[in-house]
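Asks: For reference, the structure I am asking about is given below.
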Amino acid sequence: MKSYAGVCDMKAYSFGRTRIKVYGGLNSIGGNCIVVESPSKRVMFDQGVNFTRLKKFYGFSIRPDSVEELREMGVLPPREAYDGVEELYISHLHLDHLGSLNVPGNLQIYLPSVELAGALSRAWWFDWKQHLFPQTLSFTGFSTVTESKNIMAAKVSHSAYPSYAFRLETDDATILYTGDFRVSPLYPQFANTLEGFRELSVDRVDVLITEGTNFSRKMNYLSVQQFRTSIKDILEKYKRNILFISVHPLDLESTLIVLELLWKHGFIPVFTNPYYATLLDLQINSVNYEAEGSLIFSPLRTSRIRLLENFETAFISSLKNARIAIFIPGYDIKSIKTIVNLLETDSSGLVHITVFGEPISEEWVVEEIKVSNWLKLLGVTNLRVHLSGHYYPFEFKNLIGTIKPKEMIPIHTNSPDTMKTLFNRYK
Ligand SMILES: [Zn+2]
Ligand SMILES: [Zn+2]
C-alpha cells in the first residue's frame, strides 16, 4: 500500500504479551480504530471515518474514487490495520466509529444493530458515503455485538442508540473499551452506563481505553434537567401551531424527551422524512417503548408511504388546523418550504429547534451555515439546545473509581495529557 507521510500515525502499547495498537482517534475526536493482539486472538474495536482528513482533501468538486483511496488518505483506517484480525466490533453507529463496511480480509463484523445499520445505509447512495456500503451491498452475514461469545458487551448512554462498551480477555490482560458515552443516562432503563461498566469490570480491568471528548471543549453546559426545562419553556411560550425540530436520527434518548414534552404541551409530532421516521420506528421497537401520545408519518410524496409500526399515516394537508411539531433532519431543511405550502401558510416567524450534542467532527452530516441561510430565507428562527452525548471531565473520577483499571489509554479527545494526569491522580 502507498503511504503518505503523516497519514497513519499508529501508536502501540504493551501489557504483558498483549499489544494494543491505536490506528485512529489519538489526539483527535473521532475516527477511532483499535486493534488488540495477543498470541491467541486479534480483535478490532471500531474503524471510523476521520472527518478532519475527509474535509481536508474532499469537497463539492473533489470526491474520493474508492474505499481504497479513503484508506490511503487516512480518512479510513489503513489496510494493514486489518491484517490477521478475526473479529471487528462496532460500538455504535456514528460514522466516526462505524466507518466503511467494505473492509479488507475475511473478518466477522459485529454491529450494535444490524437492522438499524441497514436502515441507516439507505442514505448512503449519494456522494462519498457510497464507499461505506459492504462490498456485497447486503447486510446478511453481519452479527449483533450481543451474539458474540468472545467478548462481553454492555449498553451505555450516548447520543446514538444503541451504544456499547466492550470487555475483552486476552491471554494475559482484561481490556475495557468504552466507546462514546454519557455517565448520566436519560433513560436508565434503556442504557445505564455505570451499571454496564460495573458488569464489565468484575474481577479486574487491566487496561481501560476511554474517550475524553469533553475535556477542554468549549460548550454551553446543560444538565438533563435543564435540557428538559429549556424545551418546556419554549413550548409554553410559543403560540404558533407549527414548530420544526431537528434531532440527530440516532439520538433516541433526546428524541424521546422532546416527544414526551410535545405530547404534554398539546403538539402532535409529525415526521415527513421516511428515513427519519423508519429509524425512530425501529429504535422504539427495540426498547419496547410505550408512547404516551400519537406519532404521525406524513411523507411529502405518496410514493414514499410505508407501513411503520408506531406511526399513523396522514396527509400533511389534513393537519392544517392541528398543533404540530414537524421533525426534519438537518440536511432536509429545504422541506420547510414544501411543508408550509401544503399547510397553506407561510413560514415567517416560525421556530425551528435544533437539539445538538456532538462536535461536528463526529458526523459532519449538517452543513450549519447553509442550514442558517435557508432558515433566514424562510423567515424561521433557529433555537439551539445542547445536550452532550459525552460525559463531563468532572465525572472522570467517578468513572475511574467504578472501573479501577491498572492502565488507561485516552482516545477520542484533544486533551490526552490532561486525562493521563488526572488518571494518575485518581487511580
Ligand atoms: Zn465518536
Ligand atoms: Zn458517538
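Using the numbering used here, the first residue of the sequence shown is number 99, and each one after it goes up by one. All C-beta atoms, glycine included, are put in the ideal place defined by N, C-alpha and C.
1. Residues near ligand 2, CB to any non-hydrogen atom under 5 Å, in chain order?
2. Does ligand 1 have even one heavy atom less than 7 Å from the beta-carbon of His195?
3. Do Phe342 and Ile426 count as a contact pair if the criterion is CB distance below 8 Å?
4. From the DSSP secondary-structure annotation, give me the bridge partner or partners of Gly277.
5. Tell me Arg482's beta-bridge partners as DSSP assigns them.
6. Compute every distance between the C-beta of His510 and the non-hydrogen atoms of ligand 1, then say whether any falls below 7 Å.
7. Confirm the yes/no value for this check: CB of Gly239, any heavy atom of ligand 3, distance under 7 Å.
8. Would Asp270 be called buried (16 or more neighbouring beta carbons within 10 Å of its own) or exposed?
9. Run the CB neighbour count on Ser416, radius 10 Å, all protein chains shown included, and call it buried at 16 or more, exposed below.
10. Would you call the CB atoms of Leu214 and Trp222 closer than 8 Å?
11. Decide if Gln145 is buried, meaning its Cβ has at least 16 other Cβ atoms within 10 Å, or exposed.
12. Would you check whether ligand 1 has a heavy atom nearer than 7 Å to the C-beta of Gly310?
13. Could you check what DSSP says for His256 in three-state terms: helix, strand or coil?
14. I'd like to know whether the C-beta atoms of Gly294 and Ala252 end up nearer to each other than 8 Å.
15. Rank Thr242, Ser255, Tyr259 and Leu298 by C-alpha distance to the C-alpha of Glu267 and give the top, closest one.
16. Measuring only the C-alpha atoms, how far is Leu209 from Tyr259?
17. Please determine if the region 306-324 and the region 507-516 are in contact, where contact requires at least 3 C-beta pairs separated by less than 8 Å.
18. Compute the Euclidean distance between the alpha carbons of Ile403 and Val368, then round it to the nearest angstrom.
19. Where do the N-terminal and C-terminal ends of the beta strand (DSSP E) with Lys109 fall, by residue?
20. Taking only runs of the beta strand (DSSP E) that begin and end inside the region 149-217, which ones reach a length of at least 3 residues, in chain order?
21. Roughly how many angstroms lie between the CA atoms of Ile366 and Glu358, to the nearest whole one?
22. Do His256 and Gly114 count as a contact pair if the criterion is CB distance below 8 Å?
23. So is the beta-carbon of Gly122 under 7 Å away from any non-hydrogen atom of ligand 1?
24. Indicate whether the contact test is met: 3 or more Cβ pairs, each with one atom in the region 183-192 and one in the region 130-149, closer than 8 Å.
25. Is Gly294 near ligand 1 - that is, is its Cβ less than 7 Å away from at least one heavy atom of it?
26. Looking at ligand 1, does it come within less than 7 Å of Gly128, judged from the CB to the closest heavy atom?
27. Would you please state the rounded distance, in angstroms, between the beta carbons of Pro175 and Gly122? I believe it to be under 8 Å.
28. Using 10 angstroms around the beta-carbon of Val300, count the other beta-carbons present and answer buried if the total reaches 16, otherwise exposed.
Replies: Put simply:
1. Per the Cβ criterion, the list is His192 and Asp278.
2. Yes.
3. Phe342 is positioned such that its CB atom lies closer than 8 Å to that of Ile426.
4. In DSSP, Gly277 forms no bridge with anything.
5. DSSP links Arg482 through a beta bridge to Thr452.
6. Yes.
7. With respect to ligand 3, the structure shown offers nothing to examine, as its ligands consist of ligand 1 and ligand 2.
8. Classification of Asp270: exposed, given that the 10 Å Cβ count is below 16.
9. It counts as exposed.
10. Going by C-beta atoms, Leu214 is not nearer than 8 Å to Trp222.
11. Of the other Cβ atoms in all chains shown, 16 or more fall within 10 Å of the Cβ of Gln145; this residue is therefore buried.
12. When distances are taken from the beta-carbon of Gly310 to the heavy atoms of ligand 1, even the shortest one reaches 7 Å or more.
13. His256: coil per DSSP, three-state reduction.
14. Ala252 sits close to Gly294, with the two beta carbons spaced by under 8 Å.
15. Taking Glu267 as reference, the option from Thr242, Ser255, Tyr259 and Leu298 with the minimal CA-CA separation is Leu298.
16. The straight-line gap separating the alpha-carbon atoms of Leu209 and Tyr259 is approximately 12 Å.
17. Contact between the region 306-324 and the region 507-516 is present: three or more C-beta pairs spanning the two stretches fall below 8 Å.
18. Cα-Cα distance, rounded: 14 Å.
19. For Lys109, the enclosing beta strand (DSSP E) begins and ends at Lys109 to Phe113.
20. Runs of the beta strand (DSSP E) inside the region 149-217: 185-187 and 206-209.
21. Cα-Cα distance, rounded: 10 Å.
22. In this structure, Gly114 lies away from His256, with their beta-carbon atoms at least 8 Å apart.
23. Checking every heavy atom of ligand 1 against the Cβ of Gly122, none is found closer than 7 Å.
24. Touching, yes, given that three or more Cβ pairs across the two stretches are closer than 8 Å.
25. Look at Gly294: its beta carbon is at least 7 Å from all of the heavy atoms in ligand 1.
26. Checking the Cβ of Gly128 against ligand 1 gives yes.
27. With a beta-carbon spacing of about 6 Å, Pro175 and Gly122 fall inside the 8 Å limit used to define contacts.
28. Exposed, since its Cβ has fewer than 16 Cβ neighbours within 10 Å.
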